[in-house]
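Residues in the sequence shown are numbered consecutively from 3, following my numbering.
Glycine included, C-beta positions come from ideal geometry on N, C-alpha and C.
Bear in mind the structure is a predicted one, so any value in this text is a computation, not a measurement.
Before any comments, here is the structure.
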Amino acid sequence: MIRAFLWLLIVAPSLAANPAVQGQLCIGRDAESFRSDEAECRVIEDSNTPIAAPEPRLFVFVSADKKIAVFGRLEPDSNFGEASSGSVRVTLRIDSVSRTSPRNAELILKTPGKPLQWRWTLSKEIMESLQEIRLPPSQYEATITAPHHEPLELKIDARVKTDLVLGRLRLRPLPIVAGKVIDRATRAPIAGALITADSGKAIGVRSRSPSHTVVTVRARSYFLRRGPIAYCHQSSWTRAAGCTSR
Numbered sequence: 003m004i005r006a007f008l009w010l011l012i013v014a015p016s017l018a019a020n021p022a023v024q025g026q027l028c029i030g031r032d033a034e035s036f037r038s039d040e041a042e043c044r045v046i047e048d049s050n051t052p053i054a055a056p057e058p059r060l061f062v063f064v065s066a067d068k069k070i071a072v073f074g075r076l077e078p079d080s081n082f083g084e085a086s087s088g089s090v091r092v093t094l095r096i097d098s099v100s101r102t103s104p105r106n107a108e109l110i111l112k113t114p115g116k117p118l119q120w121r122w123t124l125s126k127e128i129m130e131s132l133q134e135i136r137l138p139p140s141q142y143e144a145t146i147t148a149p150h151h152e153p154l155e156l157k158i159d160a161r162v163k164t165d166l167v168l169g170r171l172r173l174r175p176l177p178i179v180a181g182k183v184i185d186r187a188t189r190a191p192i193a194g195a196l197i198t199a200d201s202g203k204a205i206g207v208r209s210r211s212p213s214h215t216v217v218t219v220r221a222r223s224y225f226l227r228r229g230p231i232a233y234c235h236q237s238s239w240t241r242a243a244g245c246t247s248r
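This is the structure we're talking about:
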């Protein structure tokens, strides 16, 4: 028992210093925020390779097999192994209730206090392969978003020294509203009608029941017509207040 305990003490630091050494390292523009669309990416094959960063930078590393993603902060004249040492392993799988994985999903991680924020874009290939993320010890507010899906929000306490298991995180697709805009008098379809929310953006619906979104229909030579849409559950809609199910 004593020998096994000593062996764990000896081996654990090397695992922390070498999480996954072959893959793509993407470095953000500053020390407090990371965005995939602004990051500079490079392939690395050795965790001890020096990274020339003049100032602290947030980063995301994705292993070559896309099973592991490491989040952290690089200090000047440090290497990936140093920046990722002490990270907490969080196992998870992200998918959708629908049959196909959504494209261009995004994982947003925020820390409390003086906030650090990562906005990491997950390709369809990464979503289908990802099995774990590794985080610097801290508390996190996590949000997973994807086009045409409800946002998924959760909290992660990575201050513990043990692995965390989040299990399967399933995104729920938003209901699809199909139909056409017609002239009330002639019943003829109106070409080029635009349906917007009050904000002018695409309609957003929360999963809480019921929530109402006011839709404005715009078309040339026609008055604006507004009406509430009540959302109760997936694919449950009505044009009046209250909820119906089907």
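So what's Ala85 in DSSP terms, helix, strand or just coil? helix
Coil, strand or helix - Ile192 by DSSP: coil
Shortest alpha-carbon distance to Ile128 belongs to which of Ile192, Ala193, Asp67? Asp67
Let me check understanding here. Comparing Cα to Cα, which of Phe61, Arg136, Asn106, Glu47 lies closest to Lys69? Arg136
Please classify Lys157: does DSSP put it in a helix, a strand, or coil? strand
For Arg59, list the residues DSSP reports as bridge partners. Leu76
Limits of the beta strand (DSSP E) - the one that Lys116 falls within: That residue, Lys116, is in no beta strand (DSSP E); it is neither H nor E in DSSP.
Option nearest Leu173 by Cα separation, candidates Trp122, Ser131, Asp97, Thr102: Asp97
Decide if Gly194 is buried, meaning its Cβ has at least 16 other Cβ atoms within 10 Å, or exposed. exposed
Which same chain residues end up closer than 8 angstroms to Pro138 when comparing Cβ atoms and leaving out the 5 residues on each side of it in sequence? Phe73, Gly74, Arg75, Gly88, Ser89, Val90, Ala160
By a C-beta neighbour count over all protein chains shown, 10 Å radius and 16 as the cutoff for buried, is Cys43 buried or exposed? exposed
Range of the contiguous alpha helix (DSSP H) that encloses Ser131: 126-131
Hey, Leu94 and Gly169: beta-carbon distance below 8 angstroms or not? yes
Between which two residues does the beta strand (DSSP E) holding Thr164 run? Annotation for Thr164: no beta strand (DSSP E) segment contains it, and DSSP assigns it neither H nor E.
Would you kindly check if the distance between the Cβ of Glu34 and the Cβ of Gln141 is under 8 angstroms? no
Would you kindly report the start and end of the unbroken beta strand (DSSP E) that includes Ala41? Where Ala41 is concerned, there is no enclosing beta strand (DSSP E), given that its DSSP letter is neither H nor E.
According to DSSP, residues forming a beta bridge with Glu143: Lys112, Lys157
Below 8 angstroms, how does it come out for the stretch 144-156 and the stretch 48-57: are there three or more Cβ pairs, yes or no? These segments do not touch.
C-beta atoms of Trp122 and Ser38 nearer than 8 angstroms: yes
Quick check: what's the CA-CA separation for Leu166 versus Val92? 5 angstroms
Straight-line CA distance for Glu108 to Glu155? Linking Glu108 to Glu155 through their CA atoms gives a straight-line distance of about 12 angstroms.
Glu57 classed as buried or exposed, judged by whether at least 16 other C-beta atoms fall within 10 angstroms: exposed
Can you pull the DSSP bridge partners for Pro52? The partner list for Pro52 (beta bridge, DSSP) reads Asn81.
Member of Ile184, Leu27, Lys126, Asn81 whose CA lies at the smallest distance from the CA of Arg101: Arg101 has its Cα closest to that of Lys126, out of Ile184, Leu27, Lys126, Asn81.
Excluding five sequence neighbours on each side, which residues of the same chain lie with their C-beta closer than 8 angstroms to the C-beta of Lys157? Gln141, Tyr142, Glu143, Ala144
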